[in-house]
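**Student:** Here it is: the structure, laid out below.
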Amino acid sequence: MNKKSGLLTGLMLPSGLLLWYLARNTEVLAASLMASMPVVMLLFVNIFIEESMRLLFALVFTLAIKKLALPAKSGLWAVMAAASFAAMENISYLMAFPEAKLFLRILYSVPIHTNAAALYALSIAWTPKSTKALKRPVLAAFALACFWHYLFNIGAWYLPFKLVILPGFVLNAAATLALLLLLELIFVSGGYLY
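In case it helps, the working numbering puts the sequence shown at residues 12 to 205.
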C-alpha cells in the first residue's frame with residue numbers, strides 16, 4: 012500500500028462518522044421543519060438525506076481517486092466509510108433506545124448502508140469518463156438505494172421487528188452477495204477496471 016492509498020484508508024472511518032453527523036443533524040432540522048407531515052414522508056425525507064450525502068461522498072471520493080491517480084478499485088474504501096456511518100447510526104440508536112436488540116438491528120441495517128455505497132461505486136465505475144454519461148447510472152443507483160432503504164424503513168416502522176428481521180436479513184444478504192460478486196468482478200479479479 013502506498014502513502015496515498017494509506018492516507019485514504021485512514022480517512023474512511025472518520026469520513027463515515029462525519030457523514031453520519033451531517034446526515035443526522037440535517038435529518039433533525041428537516042424533522043423540525045416538517046413536524047406535521049405523516050411519518051411515511053418523514054421516513055422518505057430521512058432516507059433522501061442519507062442517500063444524497065452518501066452519493067455525494069462517493070462522487071467526491073471518486074474525484075480524489077482520480078486526482079491522486081489511484082486504481083479504480085480504491086472506490087471500495089467508500090464502502091468502509093458507509094460501514095462506519097452505519098455503526099454510528101446503530102450506536103446512536105442504542106443510546107436512544109437502550110432496550111433495543113442491537114445485534115439484530117445491525118444485521119438489518121448495516122447492509123442497507125454498505126450495499127448503497129457498493130451500488131454507488133459500481134454505478135460510477137461502469138460509467139465512461141464523461142460526466143454527462145455519469146448521470147443516468149448514478150441516478151438509477153440513487154433511486155434503487157432510496158427505494159431499498161425506504162422499503163426496509165417502512166417495514167421496520169409499521170411491522171413488529173420480529174416479523175421483519177428474518178426477511179430483511181435474507182433480502183439484504185442476497186443483495187450483499189450479488190453486489191460482492193459484481194464488486195469482485197469489476198474491481199478485484201482482473202475486471203476491466205483492475
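For glycine and all other residues, C-beta sits at the position ideal for the given N, C-alpha and C.
The alpha helix (DSSP H) with K77 in it runs from where to where?
**Tutor:** The count along the sequence shown starts at 1 and reaches residue 77 at position 66. First-last of the alpha helix (DSSP H) with K77: 50-78.
**Student:** I'd like to know if the stretch 120-127 and the stretch 148-160 are in contact, where contact means that at least 3 CB-CB pairs between them fall below 8 angstroms.
**Tutor:** Contact holds: three or more Cβ-Cβ distances are below 8 angstroms.
**Student:** Starting from the Cα of E38, find the closest Cα among V56, L162, S95 and give me that residue.
**Tutor:** In the sequence shown, residue 38 corresponds to position 27, counting from 1. Closest by alpha carbon: V56.
**Student:** Quick check on the DSSP output: what are the complete alpha helix (DSSP H) runs of length 4 or more inside the stretch 123-190, in order along the chain?
**Tutor:** Those alpha helix (DSSP H) runs which fall completely within the stretch 123-190 and span 4+ residues are 142-169.
**Student:** Count the other CB atoms, across all protein chains shown, that sit within 10 Å of the CB of Y32; report buried if there are 16 or more and exposed otherwise.
**Tutor:** Your numbering for residue 32 matches position 21 in the sequence shown. Y32 comes out exposed.
**Student:** Between A94, M45, I165, K14, which lies nearest to P25 when the distance is taken from Cα to Cα?
**Tutor:** Within the sequence shown, the letter at position 14 stands for residue 25. It is A94.
**Student:** Between A107, I123, S43, A89, which has its C-alpha nearest A75's C-alpha?
**Tutor:** The count along the sequence shown starts at 1 and reaches residue 75 at position 64. For the residues A107, I123, S43, A89, the minimum Cα distance to A75 belongs to A89.
**Student:** By Cβ distance below 8 angstroms, which residues in the same chain neighbour L115 in space, the five residues on each side in sequence not counted?
**Tutor:** For this step, residue 115 is matched to residue 104 along the sequence shown. Excluding sequence neighbours, L115 sits near F172, I176.
**Student:** Please identify the residue among G27, A189, E195, V50 whose C-alpha is closest to the C-alpha of Y161.
**Tutor:** Position 150 of the sequence shown, counting from 1, holds the residue named residue 161. Measuring from the Cα of Y161, the nearest candidate turns out to be V50.
**Student:** Since C157 and F59 should fall inside the 8 angstroms C-beta cutoff, what is the C-beta to C-beta distance between them, to a whole number of angstroms?
**Tutor:** By one-based count along the sequence shown, residue 157 stands at place 146. By one-based count along the sequence shown, residue 59 stands at place 48. Indeed they touch by this definition, with Cβ atoms about 6 angstroms apart.
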